[in-house]
Amino acid sequence: MTGLVASGLTDFLRSAVDPQVQVDAIGIGAIYALMAVGIGLVFGVLRLVNFAYGQLVMAGAFALAFASDRDWPVWAGIVLCFAVVIALTMAMERVVFRPLRTQSAATMLVATFAVAFLLQAIALVIDQRDDTLGEPAASLARLNLPWVIFGTDVRKITVVAIVTAVVCLLALVLFLGRTTVGLQMRAAAMDFQTARLLGVRANRVIGSAVFLSGVLAAIVAVMLTVQQPLVTSTFALRETIVVLAGVVVGGMNRLLSATLGGFAIGYASGLLGGALPTEQSQYLPSFLFGLVILTLLVRPAGLFTRGGGPVERV
1 MTGLVASGLT DFLRSAVDPQ VQVDAIGIGA IYALMAVGIG LVFGVLRLVN
51 FAYGQLVMAG AFALAFASDR DWPVWAGIVL CFAVVIALTM AMERVVFRPL
101 RTQSAATMLV ATFAVAFLLQ AIALVIDQRD DTLGEPAASL ARLNLPWVIF
151 GTDVRKITVV AIVTAVVCLL ALVLFLGRTT VGLQMRAAAM DFQTARLLGV
201 RANRVIGSAV FLSGVLAAIV AVMLTVQQPL VTSTFALRET IVVLAGVVVG
251 GMNRLLSATL GGFAIGYASG LLGGALPTEQ SQYLPSFLFG LVILTLLVRP
301 AGLFTRGGGP VERV
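When we follow our numbering, the leftmost residue of the sequence shown carries the number 1, and every step to the right adds one.
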């Protein structure tokens with residue numbers, strides 16, 4: 001028995017350090033990091049975990065499938081994706097978040113669940129209009145083709161995901177640190193009521209945070225659709241649940257820690273998925289969330305947070 005365990009562990013470690021597995025894991029981690037930023041922005045200002053975030057990504061994926069079905073140029077499909085996701089995001093903020101802003105956190109949380117299931121139900125009705133499940137978005141498939149670098153297949157979308165994640169995070173850091181709206185968002189995240197007394201316009205700050213989260217959701221929709229070109233009503237649902245766990249593991253009180261948590265759980269997901277034998281891939285969620293539980297038992301405040309004292313949330 002000991003020999004079998006040792007042999008299995010050796011095979012796992014050998015697979016885990018394989019360059020192909022590492023490249024794919026980093027690409028997944030980059031996408032999950034962008035999702036974590038979008039979720040963290042809304043939480044930082046509103047103290048709200050937006051469970052409908054995955055459905056925004058799904059809506060963008062359906063827009064890409066719609067454009068692909070009508071043979072639109074790729075750029076036109078991407079523009080439509082951004083327009084749909086941002087419009088839904090801002091409508092959600094105006095119709096749901098703003099009227100309930102003064103209510104309890106539990107009320108707003110339930111509202112995001114209701115929005116999520118509503119969007120999912122609408123997507124299912126749209127999806128079944130031709131009596132089939134799933135809408136293909138084949139026009140983006142070429143972005144999933146690989147380059148062979150030193151014997152390793154590096155998919156174009158992996159490179160795009162890594163570069164996009166780095167650029168978006170750097171741009172967000174500059175926005176939060178160098179612009180008036182960004183500084184107001186940081187102040188509102190620290191103490192919203194005091195920030196309002198000092199002249200911070202609540203609607204402007206919250207609207208900006210929600211808008212940025214929508215832009216990031218549209219970017220994620222494009223990247224996930226390239227990797228998963230068959231769009232269904234449950235598109236991005238699993239990824240959202242995993243990223244939410246990653247945000248908690250990283251630490252929800254700071255945007256940087258939440259982002260690192262999203263990357264970490266995405267990297268772990270890719271690593272375990274690539275290293276586990278095919279016949280054991282169904283155990284991936286068990287391994288992944290087992291690691292989440294262990295991490296929270298050791299660091300309940302978050303893996304990337306510093307202990308003691310108040311921390312900056314954005």
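All residues carry an ideal CB built from backbone N, CA and C; glycine is no exception.
For residue i, which residues from the same chain have a beta carbon less than 8 Å from its beta carbon, with the 5 sequence-adjacent residues on both sides left out?
i	result
P300	none
V298	none
L271	A16, V21, Q22 and A25
I86	F211, G214, V215 and A218
V181	F175, R204, V205 and S208
R98	N203 and I206
T152	P19, Q20 and V23
Going by DSSP, which residues form a beta bridge with residue i?
i	result
E316	The question about residue 316 has no answer, for the chain in this structure spans 1 to 314.
L230	P136
What residues in its chain sit with their C-beta under 7 Å from that of residue i, if we drop five residues either side in the sequence?
i	result
F113	F51
V154	V23, P146 and W147
V231	A61, F62, A65, G134, E135, A137 and T225
C81	G60, A63, L64, A218, A221 and V222
G308	Low confidence applies here, because G308 scores a pLDDT of 44, under 50, leaving its location unreliable; read the following figure in that light. Correct list: empty, nothing qualifies.
Does any residue of chain B bring its CB to less than 8 Å from the CB of residue i?
i	result
G266	Here chain B cannot be found, since the structure has a single protein chain.
Exposed or buried, residue i, counting other C-beta atoms within 10 Å across all chains shown (16 or more means buried)?
i	result
I293	exposed
G177	exposed
D24	buried
G27	buried
T295	buried
L401	In the structure as shown, the chain starts at 1 and stops at 314, and residue 401 therefore has no counterpart that could be examined.
T305	buried
R129	exposed
A264	buried
F43	buried
Report back the beta-carbon spacing between residue i and residue j to the nearest angstrom; my notes put them in contact at under 8 Å.
i	j	result
A33	T259	5 Å
L119	A65	15 Å between Cβ atoms; not a contact.
P136	P285	Their Cβ separation, rounded to whole angstroms, is 26 Å, which puts P136 and P285 out of contact at 8 Å.
I162	A245	I162 to A245, Cβ: 22 Å. No contact.
V115	M90	Actually they do not touch by this definition, with Cβ atoms about 13 Å apart.
K156	L143	5 Å
Note down, in chain order, each residue of its chain lying with its Cβ closer than 6 Å to the Cβ of residue i, except the 5 sequence neighbours on either side.
i	result
G302	G250, G251 and S257
G54	A236, L237 and T240
Exercise for the section: Tell me the start and end of each unbroken beta strand (DSSP E) in the stretch 63-105 that is at least 3 residues and wholly inside, in chain order. Expected result: none
Problem - Contained beta strand (DSSP E) runs [length at least 3] in the stretch 139-173, N- to C-terminal order - result: 146-149 and 152-155
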